[in-house]
Amino acid sequence: MLFAAPFFLLLARQSGGAANLERRDWTWILALGLLGYYLSSLFDFFSLLTISAALERMTLFLYPTLVLLLSTLFLKKRYPLHVWGAVLLSYLGVALAFAHDLAESTLAADAWKGLGWVLASTFTYALYLIGTGEVVGRIGATRMAALGTLVACIAVLVHFSVTEPVASILHLPWQVYAIGLAMGVFSTALPVWCLSQAIRLLGAGRTASVGTLGLALTLLMSWGFLGEALSLEQVAGAALVVLGVTLANRQKGSR
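Oh and the sequence shown: position 73 is 73 in UniProt numbering, straight run, nothing missing.
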C-alpha cells in the first residue's frame with residue numbers, strides 16, 4: 001500500500017481531487033475505502049492462514065450473490081425465483097469444495113475459522129460494490145477508486161504501525177521491496193482502476209459476473225505455483241460457483 005499510494009495520489013489529482021465534493025461524498029469515500037480495500041483484504045489474508053487459496057477464491061466469488069441478497073434487503077429490489085436457484089447453486093459449489101478442505105485439514109476448527117474469515121471478506125466486498133454502484137455516477141469512477149484506496153492505504157499503514165515495529169520495514173531484503181513494488185502497481189493500483197472502470201461501464205452485477213474468470217485462474221495458479229491439491233471436488237465446486245454466479249447476474253437482467 002505504501003508503494004501504491006503515490007499512484008493513487010496522482011490518479012486522484014488527475015480526476016479532480018477534492019474539488020466539489022460534499023460532506024456526504026467524503027462519508028461514502030471513507031466508508032467504502034475501509035470496506036472494500038482495507039477490511040475485505042484484511043479478512044481475506046486471515047482466511048488464507050487456514051484454508052487453501054482455491055477455497056478462499058471460490059468463497060470470495062460468492063460476492064455477486066451477496067450483492068443480490070443485500071440489494072433485496074436494503075434497496076428493496078426484487079428478483080425472480082430462478083435467480084435464487086442460481087444463488088443456491090453457487091453455495092452448493094462452495095460446500096463441495098469446503099468438504100475437500102475439511103477432509104484435508106488436520107484441524108477442522110481452523111478450516112471453519114478460515115471459512116468464516118473469507119465469508120466476512122465476501123460480505124464487506126459486497127457492501128463495497130453496492131455502495132460504489134450507488135455513488136460512482138456522482139463522484140466519478142476514477143476519483144472514487146483513487147480516494148477510496150488512499151483511505152485504505154492510510155488505514156493499512158496505521159494498522160501496521162500499531163501491530164509491528166515501524167523500523168522493521170527498513171531492514172528487508174531488496175527482493176521484498178521489488179515484490180512489494182510489483183504488487184503495489186500490478187496487483188493494487190492497476191486492478192483497482194480497472195475495476196472502477198468496469199463498474200462504471202457494466203454495472204456492479206455484470207462486473208462481478210465477468211470477474212469469475214479469476215476463480216479458474218486461481219485454481220490453476222494455486223496448483224501450479226503453491227503446490228496445492230486440485231481435486232475433483234474442487235473443480236466441480238468451482239464449476240457450480242461460476243455457473244451459479246453467471247446465471248444469477250444474467251437472469252436478473254439489471255446493471
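Positions of the beta carbon are idealized from the N, C-alpha and C atoms, including for glycine.
Nearest to residue i by alpha carbon, out of the options?
i: VAL151; options: ALA141, TRP28, ARG23, LYS77; result: TRP28
i: THR246; options: LEU96, VAL135, VAL87; result: VAL87
i: ALA120; options: PHE46, ASP25, ALA239; result: PHE46
i: LEU21; options: MET221, TRP84, VAL135; result: VAL135
i: ALA189; options: ALA155, VAL118, ALA146, MET221; result: ALA146
i: LYS113; options: HIS159, GLY93, SER52, VAL83; result: SER52
i: LEU201; options: VAL242, LEU170, ALA238, GLY133; result: GLY133
i: LEU240; options: LEU35, ALA95, SER71, THR50; result: ALA95
i: THR122; options: SER41, LEU9, LEU217; result: SER41
i: PHE74; options: ALA19, GLY131, ALA54, GLY116; result: GLY131
i: VAL118; options: LEU60, LEU35, PRO165, GLN197; result: LEU60
i: THR65; options: VAL83, LYS76, GLU56; result: VAL83
i: SER222; options: GLU56, HIS159, ALA198; result: GLU56
Which first and last residues belong to the alpha helix (DSSP H) in which residue i is found?
i: GLU56; result: 53-60
i: HIS159; result: 141-163
i: ILE179; result: 174-184
i: LEU202; result: 190-202
i: PRO64; result: 63-74
i: ALA31; result: 23-32
i: ALA4; result: That residue, ALA4, is in no alpha helix (DSSP H); it is neither H nor E in DSSP.
i: LEU42; result: 40-47
Round the Cβ separation of residue i and residue j to the nearest angstrom and send it over; I've been treating them as touching at under 8 Å.
i: LEU157; j: MET1; result: 7 Å
i: LEU137; j: SER15; result: The amino acid occupying residue 137 in the given sequence is Gly; Leu does not appear at that position. Going by Cβ atoms, the distance from GLY137 to SER15 rounds to 14 Å, so no, they are not a contact pair.
i: TYR63; j: ALA126; result: 5 Å
i: VAL192; j: LEU129; result: Between LEU129 and VAL192 the Cβ distance is about 13 Å, and since that is not below 8 Å, they are no contact.
i: THR149; j: GLY33; result: 7 Å
i: ALA238; j: LEU219; result: 6 Å
i: SER71; j: GLY244; result: No, SER71 and GLY244 are not in contact; Cβ-Cβ is about 17 Å, not under 8 Å.
i: THR207; j: LEU195; result: 7 Å
i: LEU115; j: PHE3; result: The pair is not a contact, with the Cβ atoms about 31 Å apart (cut-off 8 Å).
i: LEU35; j: THR124; result: 5 Å
Quick check: the Cα distance between residue i and residue j, rounded to an integer number of angstroms?
i: MET144; j: LEU81; result: 34 Å
i: ALA99; j: GLY227; result: 19 Å
i: PRO6; j: GLU233; result: 43 Å
i: ALA178; j: VAL185; result: 11 Å
i: VAL162; j: MET183; result: 23 Å
i: LEU39; j: LEU48; result: 14 Å
i: ILE154; j: VAL176; result: 21 Å
i: LEU170; j: PHE43; result: 26 Å
i: LEU92; j: ARG78; result: 23 Å
i: GLY85; j: SER187; result: 34 Å
i: THR50; j: ALA236; result: 22 Å
i: ASP25; j: ALA12; result: 14 Å
i: PHE8; j: SER168; result: 25 Å
i: ALA54; j: ALA19; result: 42 Å
i: residue 279; j: LEU172; result: Residue 279 lies beyond the range of the chain shown here (1 to 255); nothing can be said about it.
i: LYS76; j: LEU69; result: 10 Å
i: SER254; j: VAL166; result: Caution is warranted here: a pLDDT of 44 is assigned to SER254, below 50, making its placement in the model unreliable, and the coordinate value is therefore given only provisionally. In a straight line, the C-alpha of SER254 is about 47 Å away from that of VAL166.
i: GLY224; j: ASP110; result: 24 Å
i: LEU10; j: LEU30; result: 19 Å
Kindly indicate if chain D contains any beta-carbon less than 9 Å away from that of residue i.
i: LEU195; result: Judged by its chain identifiers, the structure shown contains no chain D, having just a single protein chain.
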